[in-house]
Structure formats: structure tokens, C-alpha cells
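Residue numbers (the working numbering): 2 to 186. Note that beta-carbon positions come from the ideal geometry of N, C-alpha and C, so glycine has one too. These numbers come from a predicted model, not from an experiment.
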């Protein structure tokens, strides 16, 4: 009957897990032990991960135009136009009163038109968002080559093992067909 050796690199928790598996009734016939092996090389397996995030900031509303000096041109033109229109109404003292009222009303209307403030919208800060893409490198594991009994063995491990690894050594029986193993003599 041929025996085959199985050599596995193990970590502390992996050693316990494999030992529990190997010492279970399923593998009760195997004689198992651990040994250590020299690490020849260990290189990280790096994966580039892309990430997107949304960056939002509040932008203040546009500033209103600077306040300009008041102009009297509108009042003067409006007063003259109102006086001319008012003089067309009535006779005598009524005409004089209508001219005065027209001049005052025209001056007020002309002033309002000439010195009106620009329309300002009362708004708060407006949110402005942008999608920012970034990438980073993540170590997904390590490609490890270790030497055991003169053989270089390559494996992948989830961590950097350092200068030595613990290996689990187990014997596995080679399976032979049932008919060939019976001796009928």
C-alpha cells in the first residue's frame, strides 16, 4: 500500500482548524504532525480598488450690484411731465392746483422709476455637488514560496508569514480498487 505525504502551510488559527479537521473521525487513520519551513519569498497580491464619493458644498448666492447714488433726473423729468399734463385740466385756480398736483405726482413717479432697486431674489446658499473618483491599492494576500525537505512549494496566504511558516504534514492512503485488494487464495 502506497503512502503519500501532504504538506500544507498553516497559520496559528489555521493550524488548529486543520488539526481539528484532520483529527476528526473521518481522518482518524492518518498520523499528522506539524513542522516548520523556511520562506524563500513572499510578495503581496495588490488589487486597485476604485471608489466614488459625492462632495457637496453650499455656494452663496451671487452678490447684489453695489448700491448707486440716487438720481434726481427722474424726479425732474417726471415733475415737468406731470405739470404739463396737470395744466391741461381745469381753469383758473383749478388749473393751477391741477398743475401743482401733476408736478408732485410726476416727480414721485419719475423718482421711483429712475431709482428703483434691481430685483433681488431672497435665496439661501445653493448646494453644488460633484462626484469625486479615487483609487487605492489593497493587499488581498501574499504569494509565498517556502522550502520543505529540499522542495520549493508555492502557495497563497492571507497574510505575510515572515521568515518561517508552520506546515502540517499528513499521510494520505492511496485508494485501490476493492476487487484488486482481496486475496482469494
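Item	Value
Whether or not the stretch 92-109 and the stretch 127-136 are in contact is what I'm after, with contact meaning three or more pairs of Cβ atoms, one per stretch, closer than 8 Å; do they touch?	no
My assumption, with CB atoms under 8 Å, is that residue 102 sits in contact with residue 79. Please give the rounded CB distance.	So it is not a contact: roughly 13 Å between Cβ atoms.
Taking just the CA atoms, how far does residue 141 sit from residue 157?	10 Å
Which residues bound the beta strand (DSSP E) around residue 171?	165-174
If you draw a straight line from the alpha carbon of residue 74 to that of residue 115, how long is it in whole angstroms?	8 Å
In whole angstroms, give me the CA-to-CA distance for residue 82 and residue 91.	17 Å
Per DSSP, which residues does residue 35 bridge with? Please list them.	169
Out of 174, 167, 52 and 106, which has the shortest C-alpha to C-alpha gap to residue 85?	106
By a C-beta neighbour count over all protein chains shown, 10 Å radius and 16 as the cutoff for buried, is residue 112 buried or exposed?	buried
Work out the CA separation of residue 138 and residue 126 for me, nearest whole Å.	37 Å
Straight-line CA distance for residue 170 to residue 48?	32 Å
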